[in-house]
Amino acid sequence: GAVVSQHPSRVICKSGTSVKIECRSLDFQATTMFWYRQFPKQSLMLMATSNEGSKATYEQGVEKDKFLINHASLTLSTLTVTSAHPEDSSFYICSARGQGGYGYTFGSGTRLTVV
Amino acid sequence: QKEVEQDPGPLSVPEGAIVSLNCTYSNSAFQYFMWYRQYSRKGPELLMYTYSSGNKEDGRFTAQVDKSSKYISLFIRDSQPSDSATYLCAMSASSNSGYALNFGKGTSLLVTP
Chain X
1 GAVVSQHPSR VICKSGTSVK IECRSLDFQA TTMFWYRQFP KQSLMLMATS
51 NEGSKATYEQ GVEKDKFLIN HASLTLSTLT VTSAHPEDSS FYICSARGQG
101 GYGYTFGSGT RLTVV
Chain D
116 QKEVEQDPGP LSVPEGAIVS LNCTYSNSAF QYFMWYRQYS RKGPELLMYT
166 YSSGNKEDGR FTAQVDKSSK YISLFIRDSQ PSDSATYLCA MSASSNSGYA
216 LNFGKGTSLL VTP
């Protein structure tokens, strides 16, 4: 089945620093990847849609300059949280749909804690 | 009104019980319906995928879609403690891989031994 590998699984960083999260589709090509954010006991909130070779599409209220998304290849998308602050602490998850597959496969998520 | 509504629970049942989880939605364009299971601090994993109305069964899990009522359900038979997790319904209007999913809030399920 389709597998999406997400790293790191957990990261703690100091306020003001930047953190990069990677998502790789291991056995399929992901033209589109989605980045979500999830607060405790809340649903997944779509942040942006990442398209290979083009600029990401951000949801309303998501700061483009803060959450930089790069999708340089069909198997890799990255989310960089720039100048992180404690309020950016959250669970970030990526997902993608394989060509001809059913449903969307999610990465294992990244727990970001900004101190 | 949110497009997808789901009771967050928590729902607590004894082992062996039949569990019923439900979602309602408002967008009649939704045609693809999914149920995901999410363990704490993990990414969601796909349990069931259905297209349009009808039933689909996979082992102890049965998914039902009633498009006329805009209502979907997931039934878990012979529930086990290992089924304890958050269950998220998700739906989409298109099978195009470029379409994001619309999620419910998730229902927290606890199956007690």
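Top line first, the protein sequences correspond to chains X and D. One point on numbering: in this note's numbering, the residue at position 28 of the first sequence is 28, and numbering is uninterrupted. Each number in this note's numbering corresponds to the 1-based position in the second sequence with 115 added. We put the beta carbon where it would ideally sit given N, CA and C, even for glycine. Remember, it's a predicted structure, so these values are computed and weren't measured experimentally.
### Message
Here's the rule I'm using: 16 or more other beta-carbon atoms within 10 Å means buried, otherwise exposed. How should D/R156 be labelled?
### Response
Per the 10 Å Cβ criterion, exposed.
### Task
Evaluate the contact criterion for the segment 22-32 of chain X versus the segment 40-51 of chain X: three or more CB pairs, one atom per stretch, below 8 Å.
The segment 22-32 of chain X, when compared against the segment 40-51 of chain X, does touch it at the 8 Å Cβ threshold.
### Task
Could you name the residues of the same chain whose beta carbon sits closer than 8 Å to that of X/V115, not counting the 5 residues immediately before and after it, in chain order?
Counting only Cβ-Cβ distances below 8 Å, and skipping sequence neighbours, we find I12, C13, K14, S15 and P86.
### As assigned by DSSP and simplified to three states, the class of D/P123
It is coil, neither helix nor strand.
### Query
Which same chain residues, not among the five before or five after D/V119, have their C-beta less than 7 Å away from its C-beta?
Correct list, in chain order: C138, Y140, C204, M206, N217, F218 and G219.
### Task
Over the uninterrupted beta strand (DSSP E) stretch that includes X/K20, give me the two end residues.
Segment V19 to S25, the beta strand (DSSP E) holding X/K20.
#### Entry: Nearest-angstrom Cα separation, counted from D/Y147 out to D/Y214
Those two C-alpha atoms are separated by around 11 Å.
### Query
Could you give the distance in angstroms between the alpha-carbon of D/P61 and the alpha-carbon of D/S194?
Any property of residue 61 of chain D remains undetermined from this structure, which presents chain D solely from 116 to 228.
#### Entry: Best match in D/L189, D/V226 and D/F176 for proximity to D/P196 [C-alpha to C-alpha]
Comparing alpha carbon positions, the residue from D/L189, D/V226 and D/F176 closest to D/P196 is D/V226.
### Query
How would you call X/I105, buried or exposed, if buried means at least 16 neighbouring beta carbons within 10 angstroms?
The sequence shown places Thr at residue 105 of chain X, rather than the Ile named in the question. Around the beta carbon of X/T105, 16 or more other beta carbons lie within 10 angstroms, which makes this residue buried.
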